[in-house]
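So the sequence lines, in the order shown, correspond to chains A and B. Residues 1 to 567 in full-length UniProt numbering are what the first sequence lists, from first letter to last. Residues 1 to 371 in full-length UniProt numbering are what the second sequence lists, from first letter to last. Worksheet for the structure shown next.
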Amino acid sequence: MIRFEDVSVTYDGAVEPTVQGVDFEVPEGELVLLVGPSGVGKSTVLGAVSGLVPHFTGGTLRGRVTVAGRDTRTHKPRELADVVGTVGQDPLSHFVTDTVEDELAYGMESLGLAPAVMRRRVEETLDLLGLADLRDRPIATLSGGQQQRVAIGSVLTPHPRVLVLDEPTSALDPAAAEEVLAVLQRLVHDLGTTVLMAEHRLERVIQYADQVALLPSPGAAPTLGTPSEIMAVSPVYPPVVDLGRLADWSPLPLTVRDARRRAGALRERLTELVPKPRTPEPRTPQPRTPEPRTLQPRTLLPRTPRPTARRATVPQATAPASIEALAVRHGRVEALRRVDLTTAPGEIIALMGRNGAGKSTLLGTLVGLVAPAAGSVLVGGAVPHRTAPRDLVRRVGLVPQEPRDLLYADTVAAECAAADEDAAAEPGTCRALVSELLPDIGDDAHPRDLSEGQRLALALAVVLTARPPLLLLDEPTRGLDYAAKARLVTVLRGLAAEGHAIVLATHDVELAAELAHRVVVLADGEIVADGPTAEVVVASPSFAPQVTKVLAPQPWLTVTQVREALA
Amino acid sequence: MTRAPKAHRSNALPPGAWWIWALGLGTAASRTTNPLLLALLIAVAGYVVAARRTDAPWARSYTAFVKLGIAVLGIRLAFAVFLGSPIPGTHLLVTLPELPLPHWAQGIRVGGRVTAEGLLFALYDGLKLATLLICVGAANALANPARLLKSLPGALYEAGVAVVVALTFAPNLIADVQRLRAARRLRGRPDRGLRGLLHVGLPVLEGALERSVALAAAMDARGYGRTAEVAPAVRRTTTVLTLGGLLGVCAGTYGVLTAEGGTYGLPVLLAGVAAALGGLWLGGRRSVRTRYRPDVWGVRAWLVTGSGVAVAAGLIVSAAYDAASLSPGVVPLTAPALPLWPAAAILLGLLPAFVAPTPHSREPSTPKDPS
């Protein structure tokens with residue numbers, strides 16, 4: 001269905017080809033997953049299928065790409081529109097019209113399908129993707145998951161034989177991601193659609209793949225194989241595969257179910273052992289209050305104290321952040337209601353909940369971007385939305401969802417100099433932080449040319465220049481590969497050990513399990529769960545990390561824990 | 001009569017119907033200076049908007065038009081006070097100090113006598129303009145601009161899409177500015193004031209450019225701009241018709257406007273328009289597009305259109321028979337009376353408030369969460 005014949009792509013101005021030696025075939029009706037670390041050219045390979053590379057991006061494509069027998073050299077993207085449907089990373093830049101129903105019909109209108117056919121397919125697609133209630137809604141008012149589903153629906157309606165998706169689930173909460181993936185699987189199984197998809201969050205998608213194409217490093221030729229073959233050699237792998245490699249299971253399990261079946265022996269070996277806390281427990285400012293450590297082994301301490309017990313030990317004025325009975329309204333919508341949250345120095349809190357639950361709004365109130373309608377917010381004793389920005393950066397720092405928003409300058413060096421000035425820090429403070437976080441960022445690099453991980457590191461360094469006791473991160477792992485994520489985890493742990501309180505809003509359950517002391521789950525603007533990570537995460541089927549699911553009922557959260565316990 | 005149904009996509013009134021209704025009201029307003037009739041027109045338009053407006057972003061433009069109308073009225077009155085009025089009046093209200101002007105500026109007056117008659121005349125005149133604006137505002141609030149563009153002929157469709165994209169671009173740009181100004185706060189810089197706005201200018205433009213490139217790629221990949229093969233003869237005919245038609249329109253307009261062209265002007269203009277329309281129609285054959293659920297011009301659409309036309313016709317006829325009651329004199333000062341028949345005709349404009357489908361109950365929109 002899709003055939004790459006010795007394809008290499010060189011962009012204008014680049015010395016080396018971005019990808020080369022791409023030579024494989026995607027058979028009809030299969031779901032093929034494209035995996036690899038960041039920056040190996042996954043998006044380029046995907047773009048070559050729809051013809052956007054090189055017709056739209058420029059550059060030189062050598063070799064031949066054919067889709068359903070059509071050569072992309074002679075067919076422009078618009079002439080492939082009836083066989084290939086493409087959804088890019090950002091659904092918002094995909095929409096042409098303003099309402100859901102018009103968007104679903106747009107592609108078919110361009111192809112000139114008969115009105116009766118269009119009507120039927122729009123109805124079918126609305127049902128298939130669960131969008132029927134949203135049909136008349138303006139797209140701008142939808143949540144991220146809904147927008148992603150509309151974007152997929154909009155390319156499904158012309159019934160393309162090939163679907164190309166670039167990170168379809170990375171912006172979605174676990175439940176919304178499952179919804180989207182279930183739809184894809186249905187398309188592959190029932191309609192015989194061929195799907196080529198790139199995704200960093202392998203734990204979500206690997207089980208759906210028929211084959212996996214691995215791009216191991218930039219410029220290296222891809223290898224194609226069954227998921228378990230590839231996962232045995234891949235530099236990127238989900239936790240369940242990591243566990244399988246650790247326990248020497250063969251063939252490697254790809255799903256939690258496979259792994260559970262083989263986990264009997266491992267579970268037995270682990271019964272006597274207890275998980276070590278992954279992140280050192282935060283220091284409480286008043287050690288004289290005798291308080292049981294909440295993250296000590298669950299087996300020895302079945303009843304954990306209420307989290308309020310710890311809150312009480314931190315006086316409001318000195319706590320990095322304290323929120324009481326907070327309510328926030330956007331127009332007539334109550335975005336947050338009766339939210340109470342207090343952080344202690346050195347504590348890492350993961351804020352979870354579905355898209356639109358109010359996570360970003362909560363972070364926004366902590367930096368004074370959103371004024372509360374009721375209740376109180378204190379950050380280091382100051383009211384954020386009434387504090388001058390210059391003063392506030394020394395109390396709280398936020399790395400926004402799009403780290404690029406924080407960066408203005410042309411070079412990394414200029415950015416760092418500006419950050420030093422903004423924070424009134426010693427010249428060179430920011431640059432030293434950048435080098436600490438990521439040694440290989442050059443001074444002259446343009447922030448726009450950095451990879452996602454590098455950009456995040458730079459934004460983090462800019463924020464940390466002012467040494468805020470409270471650090472907030474909004475969805476930090478979006479677009480990061482496992483290596484970049486591991487580096488981020490190390491960095492954040494180090495910061496917590498130095499006494500920074502950290503709050504991260506995330507959909508990434510593995511990250512939360514690895515890093516957080518405490519998990520706070522928001523739903524519809526209210527806190528529905530607040531407690532130690534192990535408790536909250538284990539109790540929830542959608543927020544449980546893979547290792548927990550495999551080794552339940554034992555309280556293991558991450559592969560690292562298991563590895564350390566067995567060592 | 002049964003009550004109007006709930007609005008959904010199939011029974012939504014075509015935007016054209018709303019525009020004809022509103023223009024009918026506007027035409028009626030242009031025929032009278034009777035403040036009672038004008039007030040009645042404003043009330044009719046306002047009632048229909050209140051009854052049938054949706055929650056959509058464009059529906060909020062009505063308030064802006066009302067404000068604009070009030071501003072126009074105010075400006076008209078201010079001019080009458082400060083620059084005087086040609087209306088001779090005997091009821092002196094106040095005498096402003098008059099600015100002595102040189103001889104060559106004869107006929108211009110600044111300051112001086114302000115009479116009740118002059119002020120009243122300005123009020124009537126301003127009210128007429130304000131009513132016109134409010135009628136246009138009503139059409140804007142009731143008709144979806146994107147769907148209006150969808151009714152363009154096939155050959156102009158792609159231009160229409162460009163306009164729609166541009167329309168959605170402005171709100172995105174504003175959102176970008178807000179986001180980046182917020183980000184300035186995170187850097188510890190003031191997020192208000194002009195400097196803050198200037199600083200984010202470049203990143204915002206960069207972002208807008210990137211987004212438009214991404215959108216163009218997405219549109220191309222979804223088949224935008226696919227054309228059907230047409231015979232070379234058809235293509236050539238299209239060009240000839242379009243160009244010839246445009247030339248004809250230009251020449252005809254010139255003929256109509258100059259004194260000598262009285263004989264050939266109108267026929268050439270009509271022929272030009274016909275040729276241009278033919279060119280458009282033929283050009284539409286190159287486009288393979290089809291329309292998804294185009295608006296249906298049903299009974300309700302006819303009723304709405306008809307009510308607008310009836311209002312306009314009623315006032316035009318009344319103006320011919322009874323000009324005095326439609327334009328009440330200001331010299332001597334008299335209280336305007338409400339002429340019965342024109343008022344009844346204006347009330348016909350209320351019909352849409354009963355026959356147009358009712359919009360959905362206003363449900364709160366979900367918050368836009370960027371995560």
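Note that the Cβ used here is the ideal one computed from N, Cα and C, for glycine as well.
Taken in chain order, the unbroken stretches of alpha helix (DSSP H) that lie wholly in the stretch 522-546 of chain A and span 4 residues or more are 533-539. DSSP links Ala327/A through a beta bridge to Ala374/A. The way I'd put it, the stretch 11-22 of chain A does touch the stretch 49-65 of chain A; three or more beta-carbon pairs between them come closer than 8 Å. Within a 10 Å sphere around the beta-carbon of Pro345/A sit 16 or more other beta-carbons, which makes this residue buried. Positions of the alpha helix (DSSP H) runs, each at least 4 residues long and wholly inside the stretch 147-222 of chain A, are given as 174-186, 202-205 in order along the chain. Using beta-carbon distances, Val288/B counts as an interface residue toward chain A, with a partner under 8 Å. For Glu101/A, the chain B residues whose Cβ falls inside 9 Å of its Cβ are Arg9, Tyr292, Arg293, in order along the chain.
Nearest to Val180/A by alpha-carbon distance, out of Leu191/A, Leu165/A, Ala221/A, is Leu165/A.
For Val7/A, the enclosing beta strand (DSSP E) begins and ends at 2-10.
Comparing C-alpha distances from Val72/B to each of Asp322/B, Ala130/B, Leu13/B shows the shortest one belongs to Ala130/B. Residues of chain A with a Cβ closer than 8 Å to the Cβ of Val161/B are, in chain order, Val96.
Here the stretch 154-169 of chain A lies against the stretch 80-99 of chain A, with 3 or more beta-carbon pairs under 8 Å apart. Under the Cβ criterion (8 Å, minimum of three pairs), the stretch 148-163 of chain B does not count as touching the stretch 366-384 of chain A. Look at Asp136/A: its C-beta is under 8 Å from a C-beta on chain B. Around the beta-carbon of Thr63/B, fewer than 16 other beta-carbon atoms lie within 10 Å, marking it exposed. Contact with chain A is absent for Pro15/B, since none of that chain's Cβ atoms lies less than 8 Å from the residue's Cβ. Residue pairing from DSSP places Asp474/A in a beta bridge opposite Ala505/A.
For the pair Val547/A and Val562/A, the CB atoms are nearer than the 8 Å cut-off.
If you keep only unbroken alpha helix (DSSP H) runs of at least 4 residues inside the stretch 368-422 of chain A, you get 389-392.
Using a Cβ-Cβ distance cut-off of 8 Å, the stretch 1-18 of chain B and the stretch 138-151 of chain B are in contact, since at least three pairs of beta carbons, one from each stretch, lie closer than that value. Between Val333/A and Leu406/A, the C-beta gap is not smaller than 8 Å, which leaves the two residues out of contact. For Arg113/B, the enclosing beta strand (DSSP E) begins and ends at 112-115. Taking the Cβ atoms as the reference, Gly314/B lies roughly 16 Å from Ala22/B, outside the contact range of under 8 Å. Contact between Val83/A and Val67/A holds: their C-beta atoms lie close to 6 Å from each other, under 8 Å.
Scanning Gly69/A, Thr18/A, Glu452/A, Met231/A for the CA closest to the CA of Pro54/A turns up Thr18/A. DSSP places Leu480/A outside both helix and strand once states are collapsed to three, so it counts as coil. Under the 8 Å criterion on CB atoms, Ala231/B is classed as non-interfacial with respect to chain A. Within the model, the alpha-carbon separation for Cys135/B versus Phe79/B is close to 24 Å. In the DSSP annotation of this structure, the continuous segment of the alpha helix (DSSP H) that includes Ile230/A starts and ends at 227-233. Nearest CB-CB separation between Arg390/A and chain B: below the 8 Å threshold. In this structure, Gly248/B keeps its C-beta atom at 8 Å or more from the C-beta atom of Leu266/B. For a Cβ distance threshold of 9 Å, residue set Tyr408 of chain A lies close to His199/B, ordered along the chain.
For Glu564/A, the enclosing alpha helix (DSSP H) begins and ends at 559-566. When Cβ pairs closer than 8 Å are counted between the two stretches, the stretch 196-215 of chain A is seen to touch the stretch 19-35 of chain A, the count reaching three or more. Not a single C-beta of chain B is nearer than 8 Å to the C-beta of Leu464/A. Leu495/A and Ala335/A have their C-alpha atoms spaced approximately 30 Å apart.
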